[in-house]
Structures are given as structure tokens and as C-alpha cells.
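Just below is one structure, and these are the notes that go with it.
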Amino acid sequence: MQTKKIRDILPPSRAKAPEPKEAAPPSAPIQRAWRRGSKKIVFFVFLIILMAGIGGVFALQFFFSKAQINVWPYTREVTAKAHITPSTLTINEEKSLTRLFPATGTSTEQGRARGIIRVFNGFSTFPQKLVAQTRFLSEDGKLFRSPGAVVVPAGRIEGGTLVAGSLDIEVIAAESGEEYNIGSSNFSLPGLFGNPAYTTITGKSLEPMTGGSRIEVSVVTESDLNAARDTLVAELRQAVRESLENKVPEDMVLLPDAVDLQVTQAFSPIKAGAPLDNFNFSVKVQGVGVIFSRADIGSTANLLLAELEETGEKIAGQSVSLEYENVEMNMNAKSLSFDMKASSQLYKEIDPNELKGRLAGLSKDEAILALSQNSSLQKAEILLFPSWLRSLPQDLQKVEIILVID
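Counted from 1, the sequence shown has number 224 at position 225 by numbering that gives the first Met the number 0; the numbering is strictly sequential.
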């Protein structure tokens, strides 16, 4: 009897997917070949960088090399003097200033009290004359005087009784001060003391006395006015001078002694003695400056110095200095003259091209030796670029000579 075999047939969802096989590692010969290739690449990269660096160095040295040679020639100081009358122009300026100043003086302002008193004549039926400056004494001892002579009317008899005549008069305190501003008071006449009329000719004030004072006030003094004038004049003179200096063109020269300053106005409306705390003072100043050409005076100085040159010498242009003395200015003619002293340094002239030709292509040490043997030079300095160069370029255009005058 034939045997039958039975197999389970699983649905696709339950069937296991075959597991992926791991990649086999490269064989040893392939790894060695890969390493040898990497080393060759590194070597070639390094070789290219090295050749580029060497080429750059040669290019830098060949195309961009240069030499700077600073030379200090021997110099000598010379001075030339001359009296100069240059061609001139004038510049003008005017300024004014008004300022408030404090008064420094003091004074005591005094006021004497005054008022009206009624004088009674109960002495007789005859008028009573009182002379100017008749004294009236208040109950508290304050003395007043009548400014002028007066006549007090006579008394009259009424019903057998003497009725005093009366007259209102002004009186002024004998001294200043607030203490004389007294209230109503009875007054006696000291001049009648010992006379029967002393008790019957009297006075009485009906209103208080007023106006008495003694106050210290500020006063403008002559010294205040003079000090204010001096202050403003000094400030304006400086301001006008600075304004003139600012007006000078760059190609012109204005000497300090070539400026004329005039005070054309200086006043105050306040007089000395005025009782004020402050006062105004005004000043006006005019200025004229006489200027001359910077180029003209420089040319004159160079001509004078050139007369002192010896063979082969030259003026160091930047070293020329000028001094001016004994400046005289004629404002009517608007002219100027002065003594000028020109000073400069002279040096033996050096031919840069000739010096370049002698030094080009030499080593730095050889060039230094050659420069040290030049009798016209007191010092020299060689700067090479790039810094590792040991020789000066052959090309004269790459060698620069710089003259240094200390």
C-alpha cells in the first residue's frame, strides 16, 4: 500500500520572510590596495601645496620686493638777517559790548521826620514872633525846628478870659532817623525857658511825624566806573584781535605787533555817586591789521639763505624758520617794516639716482658698508620687503631713497 505524505500549507501572512544574508567583509588584498591609494593622494596634495608655497615665495620676491633707504645727511645751521618793507593789505574789525556791573560803594541815606504842629499864643493879646529854627521839644524829648520865621496870632479876651491865638506850622526833626517818627504830642519851646511865656506859648501835633529814616544804600563810585571800563576794554581788545587773526587768509601773515586797536567809545549813563545797586557800561573797539604775503616773505628768506650756501649745498626747505623784530607800523600809510631773521639747515646735495645705481643688487651688509663710507651722510637705514631678503633689488624702480632732515 502506497504511503501518502501530508504537508501544512501556511497562508502568506503567516509565512516567515527569509532573513537577509550579511555582506561578506572585503578580502585582505582589497583593504591593502585601498590604503596604498589613500597615501598616494595625501602625498600628491602635500606636493602641490609645497610647490605652490615655493612658487609664491619666489613670486613675492621677484614681483613685490622693494627696498627703502632712509639717509640722514650732515647739516649745518645758518642765519640771515635783513630789514624788510613788504607789500601789505589791511583787514578791519569792530566790536561793542554793554554789561551790567554791581556798585561797590555804600552810603547812608538819611531822612528827617517832619509834620505839622499847632502853636498857641496864650501869653498876651499881642502877636508872638518866632524866629527861623525855633526849637520845639516833644514830650519824649525829640527836638524839632521850624524852617522859617512865623508870627503866631495874638490871644483875645472872651468873657473875661484870654483865648489863645494859634497857627499851624511845619517843623522838621533836628536829626535823621526813624525814632523821630513820633505820634501826636505836646511841645514846649526851650528858648522861652525861664520866661513867663514858657507855659503859655506851646505847641501840639495832631498827626504823627513821618519821613524819619537812616538807611545804608549801594552807591556807584568812580572806581566802579573805571574798573568796568578796564574790564570791557581788555575783553574787547582781545576779541577784536582774535577776530582779525581769524580773518587772515592762509597765504598771508599777521604779526602780533601789526595790529592797531582803538577804543572809540567808553561810557556809562550813570554818574559816580548815584544810589544804585547796579549800573551799565558800554565800550566799542575798532581794530586794523596789516598783513603781507607768506610766499613773498618765504622767497625773500630763501634768497638770503641761498647767499650762504657753499658748493654742492642745498637748503632743507622744511627747516626754514623766521623771526620778526622791531616791527614798525604806519597806520596813515597802512605800511609795515621789520627786521627779519631767517634760519635754516644746509646739507650736501645727494643724487638719489646715483645712490640707487651704486646700491642696487648689493647685499644688505654691502649696502650698509657703502653708505657708511659716504662722507655726506651721518646715518642711514635700510628696510627690505619681504623682510627675509638679504639683497637689494636690481630694479632701480624698486629702490626708494628718503632724505631725512632732523
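Glycine is no exception: its CB is placed at the ideal position from the N, C-alpha and C atoms.
Contact check, residue i vs residue j, beta carbons under 8 Å
i      : j      : result
Val398 : Lys363 : no
Leu235 : Val287 : no
Tyr323 : Leu254 : yes
Ala196 : Phe119 : no
Thr209 : Gly114 : yes
Ile90  : Val247 : yes
Pro146 : Ile181 : no
Asp350 : Trp71  : no
Pro304 : Ile314 : Note on residue identity: the sequence assigns Leu, not Pro, to residue 304. Cβ distance < 8 Å, so Leu304 and Ile314 count as in contact.
Glu178 : Gly154 : no
Val162 : Leu129 : no
For residue i, three-class secondary structure by DSSP
i      : result
Leu129 : strand
Ala99  : The question names Ala, but residue 99 in the sequence shown is Leu. DSSP places Leu99 in strand when its eight states are reduced to three.
Glu178 : helix
Gln317 : helix
Arg293 : helix
Ser187 : strand
Glu353 : helix
Ser145 : coil
Thr263 : strand
Ile269 : coil
Asp394 : coil
Leu345 : strand
Ser386 : coil
Gln1   : Low per-residue confidence applies at Gln1: pLDDT is 44, beneath 50, and the placement is therefore not dependable, though the value from the model is reported in the following sentence. In the structure shown, Gln1 sits in coil (DSSP, three-state: anything other than H, G, I, E or B).
Gly54  : For Gly54, the predicted model reports a pLDDT of 46, less than 50, meaning its position is unreliable; a value from the coordinates is still stated below. Helix, per DSSP.
Lys283 : strand
Ala332 : coil
Asn301 : helix
Ala359 : coil
N-terminal and C-terminal residue of the beta strand (DSSP E) that residue i is part of
i      : result
Ile375 : It should be noted that the sequence gives Ser, not Ile, for residue 375. Careful: Ser375 lies outside any beta strand (DSSP E) and carries neither H nor E.
Val218 : 212-218
Lys65  : 65-72
Leu161 : 160-162
Lys203 : 200-204
Glu399 : 398-402
Gln109 : 104-120
Phe135 : 134-137
Glu308 : Counting along the chain, Glu308 falls outside any beta strand (DSSP E), and DSSP gives it neither H nor E.
Residue-level contact to chain B via CB, residue i, 8 Å cutoff
i     : result
Glu93 : In the structure shown, chain B does not exist; there is a single protein chain.
Residue i versus residue j: straight-line alpha-carbon distance, rounded
i      : j      : result
Thr263 : Ala233 : 14 Å
Val239 : Thr220 : 29 Å
Ser187 : Ala226 : 54 Å
Met251 : Glu312 : 29 Å
Ala341 : Gly360 : 42 Å
Pro207 : Arg117 : 13 Å
Arg389 : Glu353 : 21 Å
Leu382 : Leu402 : 14 Å
Arg111 : Gln237 : 51 Å
Gln132 : Leu191 : 14 Å
Thr199 : Gly164 : 11 Å
Asp139 : Ser184 : 8 Å
Ser222 : Ala273 : 13 Å
Glu157 : Thr124 : 11 Å
Leu99  : Leu243 : 27 Å
Asn329 : Ala257 : 9 Å
Met339 : Gln317 : 18 Å
Glu93  : Thr84  : 27 Å
Phe57  : Ser292 : Unreliable placement is indicated for Phe57, whose pLDDT of 45 sits below 50; the coordinate value is still reported in the next sentence. Cα-Cα distance, rounded: 55 Å.
Glu215 : Ala332 : 56 Å
Pro101 : Asn194 : 58 Å
Ala366 : Ala294 : 40 Å
Asn277 : Thr103 : 9 Å
Ser343 : Pro385 : 37 Å
Leu142 : Asn279 : 42 Å
Gly55  : Leu321 : Confidence at Gly55 is low in this model, with a pLDDT of 42, below 50, so its placement is unreliable and the value that follows should be read with caution. Cα to Cα, the separation comes out at about 53 Å.
Ile168 : Val149 : 8 Å
Host alpha helix (DSSP H) of residue i (start-end)
i      : result
Ala227 : 221-246
One or two residues paired with residue i in a DSSP bridge
i      : result
Met251 : Ser292
Lys80  : Lys340
Glu365 : DSSP output for Glu365 lists no bridge partner at all.
Phe278 : Phe100
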